[in-house]
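Written out as structure tokens, the structure is:
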């Protein structure tokens with residue numbers, strides 16, 4: 140047995156680095172509330188998305204790291220829905236938009252459900268959030284902002300904001316434009332007449348009574364408590380108040396939220412609380428290096444990634460360098476899947492210290508599954524689909540079981556998923572762009588020689604020996620740069636500029652099948 144805390148103290152893996160920061164914050168003791176609290180936030184006006192998954196997945200990695208080095212300290216993760224926010228505009232992709240338009244400005248939990256399945260729009264979206272998180276097995280406690288406000292959970296922190304009203308607005312006002320400064324108040328009263336969350340100036344405050352006074356749209360002066368859900372806070376003040384009210388110890392957020400988080404930290408301090416340990420992660424970029432925008436549609440959605448690869452590959456992508464901007468587009472999916480398999484294979488060959496550095500320790504919380512057929516990767520399966528030109532996973536399995544007789548869909552669940560993903564990815568992205576070409580004279584002569592070499596190879600020839608034969612033929616036919624020889628095979632035989640390690644591909648696809656493929660290419664049957 141190894142002391143994981145001691146090993147982790149020397150680890151460069153960022154979840155362990157973050158976990159030790161938390162340990163120092165709590166002085167290596169259980170906090171007075173009885174647990175260390177991690178938090179993630181969610182805006183429920185739209186459906187859960189890749190950002191939602193990423194924030195919960197990365198936070199969970201830090202939580203697992205803390206659980207590993209300090210198992211005696213309980214932890215919780217609150218997934219908080221900002222469902223008391225007033226709806227600003229109606230999303231385009233919901234039913235019954237005309238009905239929802241009538242309720243713009245009201246808290247999401249006060250708007251009828253356009254889907255007709257829950258008491259309110261907010262509750263419907265909250266249920267979607269929980270189903271989404273449950274789908275991936277996340278361990279969390281769901282919290283509704285509406286319930287937190289109305290139950291009184293936030294009352295003490297709200298009263299602290301009222302007491303320190305001037306100090307709070309003085310840190311917020313410099314971040315606002317002139318027009319907004321003139322009317323700004325951290326408190327947004329919920330109108331008793333209309334149910335709308337109002338952005339109105341506060342004309343009087345009574346700290347002893349815990350109330351504010353404002354003028355409603357009819358000019359009437361209205362006095363309301365700041366507690367029990369009669370008011371909610373503006374976003375920046377709400378952020379800091381929530382940290383204080385719940386005793387949040389750790390939160391991460393995207394770079395776009397950094398200014399708000401900095402203000403929230405100040406507000407938290409003003410009302411006498413300690414801001415949590417925080418980690419800012421960078422945002423995703425598209426293939427051209429531009430910031431991903433929903434309106435531009437230049438990103439890759441959660442659903443799109445999961446159409447072509449399992450969640451583990453996405454979690455690996457999210458684990459890697461969270462504080463560096465990364466490109467997110469379709470071509471990285473096969474690469475991430477192959478990296479996952481490499482890390483999985485390597486994990487069981489590493490010593491305990493190195494295993495803590497392995498990204499898959501953090502993807503799987505230390506319980507990394509064993510590889511199934513270690514010599515097969517996603518790129519090889521894609522090329523198998525390309526060579527067989529098949530959209531049938533069963534056809535690919537026919538090649539696989541001949542190559543690895545012990546492999547079977549029931550005993551190799553990850554490989555089975557990869558086969559299905561490879562077929563779909565090939566059909567959507569590879570097949571439409573395949574472009575075969577005729578070989579040059581040098582390439583034709585080399586390929587003819589390769590068919591003769593394949594014809595005399597014993598059936599049990601290893602992929603390494605096949606690879607050596609391919610190299611030998613390339614050298615004998617004057618390819619000074621072996622990349623040119625391999626690129627020629629990819630373009631002539633597979634209709635693409637990149638491809639697999641040929642020895643492994645031929646061993647999987649079959650020597651006889653590869654020989655037949657070359658003969659078809661030399662006869663011009665693949666072109667057109």
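In my numbering, the protein residues as written are 140 to 667.
Just so you know, even glycine gets a beta-carbon here, dropped at the ideal spot from N, CA and C.
Fair warning: this is a prediction, and the values are worked out from it, not measured in the lab.
Fill in: Secondary structure of residue 172, DSSP reduced to three states
Here residue 172 refers to the residue found at position 33 when the chain shown is read from its first residue. Here residue 172 sits in coil by DSSP.
Item to complete: Apply the 10 Å Cβ neighbour rule to residue 245 and answer buried if 16 or more other Cβ atoms are within range, or exposed otherwise.
Response: Against the chain shown, residue 245 aligns to sequence position 106. With 16 or more Cβ atoms within 10 Å of its Cβ, residue 245 is classed as buried.
Practice prompt. Please go through the region 264-291 and give each complete beta strand (DSSP E) segment of 3 or more residues, from N-terminal end onward.
Written response: The beta strand (DSSP E) runs of length 3 or more contained entirely in the region 264-291 are, from start to end of the chain, 280-283.
Worksheet item: Should residue 365 go down as buried or exposed, given a rule of 16 or more other Cβ atoms within 10 Å for buried?
Response: Position 226 of the chain shown, counted from the first residue, corresponds to residue 365. Burial call: buried.
Worksheet item: Are the CB atoms of residue 512 and residue 532 nearer to each other than 9 angstroms?
Response: For the purposes of this step, residue 512 is identified with residue 373 of the chain shown, where counting begins at 1. For the purposes of this step, residue 532 is identified with residue 393 of the chain shown, where counting begins at 1. No, they are not a contact pair.
Worksheet entry | Inter-residue CB distance, residue 265 and residue 283 (contact presumed, cutoff 8 angstroms) | Within the chain shown, residue 265 is the residue found at index 126, counting from 1. Within the chain shown, residue 283 is the residue found at index 144, counting from 1. Taking C-beta atoms under 8 angstroms as the contact rule, residue 265 and residue 283 qualify, at a distance of about 6 angstroms.
Practice prompt. Starting from residue 537, trace the alpha helix (DSSP H) both ways and give me its first and last residue.
Written response: Here residue 537 is taken as the residue at index 398 of the chain shown, counted from 1. Per DSSP, residue 537 belongs to the alpha helix (DSSP H) from 532-542.
Discussion item. Buried or exposed for residue 557, going by 16 or more other Cβ atoms inside 10 Å?
Written reply: By 1-based counting over the chain shown, the position of residue 557 is 418. Flag for residue 557 reads buried.
Worksheet item: Leaving out the 5 sequence neighbours to the left and right, which residues in its chain are closer than 6 angstroms to residue 251 when beta-carbon positions are compared?
Response: Translated into positions along the chain shown, residue 251 becomes position 112. Here the set comprises nothing.
Worksheet item: What distance in whole Å lies between the Cβ atoms of residue 400 and residue 392, which are believed to be in contact at a cut-off of 8 angstroms?
Response: Translated into positions along the chain shown, residue 392 becomes position 253. Translated into positions along the chain shown, residue 400 becomes position 261. That pair is a contact at about 6 angstroms.
Discussion item. Please return the same chain residues whose Cβ sits closer than 7 angstroms to the Cβ of residue 581, not counting the five positions on each side in sequence.
Written reply: Numbered from its first residue, the chain shown carries residue 581 at position 442. The answer, listed in chain order, is 616 and 617.
Fill in: Pairwise C-alpha distance: residue 333 and residue 217
To locate residue 217, count along the chain shown from 1; it is residue 78. To locate residue 333, count along the chain shown from 1; it is residue 194. The straight-line gap from Cα to Cα measures roughly 31 angstroms.
Item to complete: Decide if residue 381 is buried, meaning its Cβ has at least 16 other Cβ atoms within 10 Å, or exposed.
Response: As a position in the chain shown, residue 381 is number 242, starting the count at 1. With at least 16 other beta carbons inside 10 angstroms of its own, residue 381 counts as buried.
Worksheet item: For residue 209, does the three-state DSSP call read helix, strand or coil?
Response: Indexing the chain shown from 1 puts residue 209 at position 70. Secondary structure of residue 209 (DSSP, three-state): coil.
Item to complete: May I have the straight-line CA-CA distance separating residue 309 from residue 414, to the nearest angstrom?
Response: Locating residue 309 in the chain shown gives position 170, counting from the first residue. Locating residue 414 in the chain shown gives position 275, counting from the first residue. Cα to Cα, the separation comes out at about 18 angstroms.
Worksheet item: With burial defined as no fewer than 16 other Cβ atoms inside 10 Å of the residue's Cβ, what is the status of residue 256: buried or exposed?
Response: The count along the chain shown starts at 1 and reaches residue 256 at position 117. Under this definition residue 256 is an exposed residue.
Item to complete: Output yes or no for whether 9 angstroms exceeds the beta carbon distance between residue 156 and residue 177.
Response: Position 17 of the chain shown, counted from the start, is the residue given in the question as residue 156. Position 38 of the chain shown, counted from the start, is the residue given in the question as residue 177. The Cβ atoms of residue 156 and residue 177 do not sit closer than 9 angstroms to each other.
Worksheet item: What residue range is occupied by the uninterrupted beta strand (DSSP E) comprising residue 648?
Response: Along the chain shown, read from residue 1 onward, the residue named residue 648 stands at position 509. Unbroken run through residue 648 is the alpha helix (DSSP H), 641-648; no beta strand (DSSP E).
Worksheet item: Where residue 478 and residue 189 are concerned, what is the direct C-alpha to C-alpha distance, given to the nearest angstrom?
Response: Here residue 478 is taken as the residue at index 339 of the chain shown, counted from 1. Here residue 189 is taken as the residue at index 50 of the chain shown, counted from 1. Going by the C-alpha atoms only, they are around 20 angstroms apart.
Item to complete: Please determine, among 417, 240 and 395, the residue with the shortest C-alpha to C-alpha distance to residue 404.
Response: As a working mapping, residue 404 is identified with position 265 in the chain shown. Residue 417 is the option with its Cα nearest to residue 404.
Practice prompt. With DSSP as the reference, label residue 214 as helix, strand or coil.
Written response: Taking the first residue of the chain shown as 1, we reach residue 214 at position 75. In the structure shown, residue 214 sits in a strand (DSSP, three-state: E or B).
Fill in: residue 423 and residue 464 closer than 9 angstroms at C-beta
Walking along the chain shown from the start, residue 423 turns up at place 284. Walking along the chain shown from the start, residue 464 turns up at place 325. In this structure, the beta-carbon distance from residue 423 to residue 464 falls below 9 angstroms.
Worksheet item: Does the distance from the C-beta atom of residue 371 to that of residue 336 stay below 9 angstroms?
Response: Numbered from 1 along the chain shown, position 232 holds the residue referred to as residue 371. Numbered from 1 along the chain shown, position 197 holds the residue referred to as residue 336. Yes, they are a contact pair.
Item to complete: Compute the Euclidean distance between the alpha carbons of residue 140 and residue 552, then round it to the nearest angstrom.
Response: Start at 1 with the first residue of the chain shown, and residue 140 comes out as number 1. Start at 1 with the first residue of the chain shown, and residue 552 comes out as number 413. With a pLDDT of only 40 at residue 140, under the threshold of 50, the placement of this residue in the model should not be trusted; the figure read from the coordinates follows. The C-alpha of residue 140 lies about 30 angstroms from the C-alpha of residue 552.
Worksheet item: Taking the continuous alpha helix (DSSP H) assigned at residue 446, which residues delimit it?
Response: Stepping through the chain shown from its first residue, residue 446 is reached at position 307. Residues 441-447.
Worksheet item: Less than 9 angstroms separating the beta-carbons of residue 483 and residue 508?
Response: For the purposes of this step, residue 483 is taken as the residue at position 344 of the chain shown. For the purposes of this step, residue 508 is taken as the residue at position 369 of the chain shown. Yes, the Cβ-Cβ distance between residue 483 and residue 508 is below 9 angstroms.
Worksheet entry | Pair within 9 angstroms by beta-carbon distance, residue 327 and residue 261 | Within the chain shown, residue 327 is the residue found at index 188, counting from 1. Within the chain shown, residue 261 is the residue found at index 122, counting from 1. Judged by beta-carbon spacing, residue 261 lies beyond the 9 angstroms limit of residue 327, meaning their Cβ atoms are not closer than that value.
Item to complete: Could you have a look at residue 370 and say whether DSSP puts it in helix, strand or coil?
Response: Here residue 370 is taken as the residue at index 231 of the chain shown, counted from 1. Assigned with DSSP and collapsed to three states, residue 370 falls in strand.
Practice prompt. State yes or no: is the C-beta of residue 174 within less than 9 angstroms of the C-beta of residue 144?
Written response: Stepping through the chain shown from its first residue, residue 174 is reached at position 35. Stepping through the chain shown from its first residue, residue 144 is reached at position 5. Between residue 174 and residue 144, the CB-CB gap reaches or exceeds 9 angstroms.
Worksheet entry | Cβ contact check for the region 300-319 and the region 182-199: 3 or more pairs under 8 angstroms | For the pair of segments examined, the region 300-319 was found not to touch the region 182-199: the number of CB pairs separated by less than 8 angstroms stays below three.
Worksheet item: Is DSSP giving residue 153 helix, strand or coil here?
Response: Taking the first residue of the chain shown as 1, we reach residue 153 at position 14. Helix, per DSSP.
Worksheet item: Taking all protein chains shown into account, do 16 or more other C-beta atoms lie within 10 angstroms of the C-beta of residue 166, making it buried, or fewer, making it exposed?
Response: As a working mapping, residue 166 is identified with position 27 in the chain shown. That one is exposed.
Worksheet item: Can the beta-carbon of residue 254 be found closer than 9 angstroms to that of residue 219?
Response: By one-based count along the chain shown, residue 254 stands at place 115. By one-based count along the chain shown, residue 219 stands at place 80. Annotated as distal: residue 254 and residue 219, with beta-carbon spacing of 9 angstroms or more.
Worksheet item: For residue 343, does the three-state DSSP call read helix, strand or coil?
Response: To locate residue 343, count along the chain shown from 1; it is residue 204. Strand.
Fill in: Cβ separation of residue 454 and residue 196, assumed to be a contact under 8 angstroms, to the nearest whole Å
Looking up residue 454 in the chain shown gives position 315. Looking up residue 196 in the chain shown gives position 57. Yes, residue 454 and residue 196 are in contact; Cβ-Cβ is about 5 angstroms, under 8 angstroms.
Worksheet item: Among residues of its own chain, excluding the 5 on either side of residue 268, which ones have a beta-carbon nearer than 8 angstroms to its beta-carbon?
Response: In the chain shown, residue 268 corresponds to position 129, counting from 1. Excluding positions up to five away in sequence, the list reads 181, 183, 187, 191, 218, 220 and 281.
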